[in-house]
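First residue of the sequence shown: 681, per our numbering; consecutive thereafter. Ideal Cβ placement from N, Cα and C applies to all residues, glycine included. Let me begin by presenting the structure, written as structure tokens, before commenting on it.
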Amino acid sequence: MKLENKYGVDERGYYGRFGGAYIPEMLYPNIRELRENYLQIINETGFRKEFENLLSDYVGRPTPLYLAQRLSEHYGTSIYLKREDLNHTGAHKINNTIGQILLAEKLGKKRIIAETGAGQHGVATATVCALRGLECVVYMGEIDMQRQAPNVARMKMLGAEVVPATCGSKTLKDATNEALRDWINNPVDTHYIIGSVVGPHPYPDMVARFQSVISREIRQQLLDKTGSELPDHIIACVGGGSNAMGAFYHFLDEEQVKLTGVEAGGEGVNSGKSAATTVLGKDGIIHGSRSLLMQTEDGQIVEPHSVSAGLDYPGIGPQHAHLHDTGRVKFVNITDREAMEAGLLLCKLEGIIPAIESSHALAWLEKMEFRDSESIVISLSGRGDKDLQTYIDYFKL
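Here's what the structure looks like:
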């Protein structure tokens, strides 16, 4: 868990000019407690052993690195899919929630809160709370609750209380606001499991470390399959950016590996219905850290749009903003239509129904030019069961 790279967080909690901890005074003790203890705790031998055992025996890691033969033939190159969709609960989110629940226990917390957009992080949080016998409250936008109803049912079956966020756009941003209000009102016994590489320091660094198991496995699996642990490209979708940061982490210092983060272009970046933060955003404060943020001239948040409930976030994590600033990661965007068609293509060529978030990464293949000797790794962040109704409605199946 001792991971350091030149694009990592500094001692003040910043990535370049992004990051920090912009929090209300009442949250300061919670954040300070986390900041002063998280590295020591997660590097303890006992913690690491329990974390690794749960990832192996409960989550089902390592997830396969699958050479997608028909997809590779379609594009004329070698495409590997990192199958995070095969994790228990169906997405990469479980890696982080396992880590944070163990950390919360070490800190003596008895109550867990979380926010969720697509429901994957909420299901993962409800799952680990059931596993460890802890009270769980999940905040979710009212609109997201409607379009992700199966995941709402799963959370309730796992014993979680699901609280609708009914203000604003009634999506992930508003659910996050509600979770922060809960934490301010319950600062002593409650731990807030943030699901992405966003929020005040140390959350972006902590979540990235827990998710870095993805890139650690990719390196070893590529070495076993190809004789080289370095691909030519790694592509991952970016909302807040936890999946992408997990896939990129162990390659950040390998400058010859091209890293691409794919944002949700929605109905087009100039349509007024988009979530392409690196194109439309500018410096601002969102949910406790300085990052790129979609906002009006007077600093009000612009409501994002994406067909994917997991990508309609108006900002990106501060480390991603730094990686964009430095040019280490290329950020691009894909429209709703392009993502939906790419998801259907994977279904037909490989028999895999991807989450619509992951379909954004797959869609970028259409815009790339390849040499047949190149190797591309795409992080398949989650499975598409949760998005079945969206696929049905879109394609009139």
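Given a threshold of 16 other Cβ atoms within 10 Å of its Cβ, counted over all protein chains shown, does residue i qualify as buried or as exposed?
i	result
S1053	exposed
F1075	exposed
M837	exposed
I1032	buried
T805	buried
S1061	buried
T976	exposed
P882	buried
S1038	buried
S951	exposed
N865	exposed
K682	For K682, the predicted structure reports a pLDDT of 45, less than 50, and the residue's modelled location is therefore unreliable. The matter cannot be settled from this model.
Q1086	No information on residue 1086 is available, as it lies outside the stretch 681 to 1077 that the chain covers here.
R741	buried
M835	buried
A1022	buried
D1073	exposed
D854	buried
N923	buried
C816	buried
N710	buried
K789	buried
T769	buried
Just checking my contact of residue i with residue j at CB under 8 Å: how many whole Å lie between their CB atoms?
i	j	result
L1081	V949	No answer is possible for residue 1081: the residues shown for the chain start at 681 and end at 1077.
T743	R763	5 Å
A989	I873	Actually they are not in contact, since the Cβ atoms of A989 and I873 sit about 18 Å apart, beyond 8 Å.
I823	T851	6 Å
I759	L751	5 Å
V877	G921	5 Å
C917	L991	6 Å
P1055	T906	A small fix is needed here, since residue 1055 is Ser in this sequence, not Pro. S1055 to T906, Cβ: 7 Å. Contact.
G756	F1050	6 Å
Q749	K773	About 28 Å separates the two Cβ atoms, so there is no contact after all.
Find out if the Cβ-Cβ distance for the pair residue i, residue j is shorter than 8 Å.
i	j	result
E858	A845	yes
A771	A1035	yes
M820	Y718	no
V803	I781	no
I996	S971	yes
Y708	R1008	no
Y993	G797	yes
S787	H871	Looking at the sequence itself, residue 787 is Leu, so the reference to Ser does not match. The answer is yes: Cβ separation under 8 Å.
A956	M925	no
I915	L745	no
V832	M825	yes
T940	V868	no
H1040	A944	yes
P830	K1028	no
P884	G696	no
D1016	G946	yes
L783	I703	no
L735	V893	yes
L910	E935	no
Which partner residues does residue i have in the DSSP bridge list?
i	result
Y819	E795, V843
Y687	The partner list for Y687 (beta bridge, DSSP) is empty, contrary to what the question assumes.
T1015	G946
T870	R791
K1010	T940
V1057	Y760, I914
F1127	The structure shown has nothing for residue 1127, since the chain only spans 681 to 1077.
R1063	P1034
G995	L973
Y694	G699
Can you check the segment 737-814 for any alpha helix (DSSP H) of at least 4 residues that lies completely inside it and give the ranges in chain order?
749-755, 773-786, 800-812
Identify every run of the alpha helix (DSSP H) within the segment 918-993, keeping only runs that are complete inside it and at least 4 residues long; order them along the chain.
922-928, 957-960
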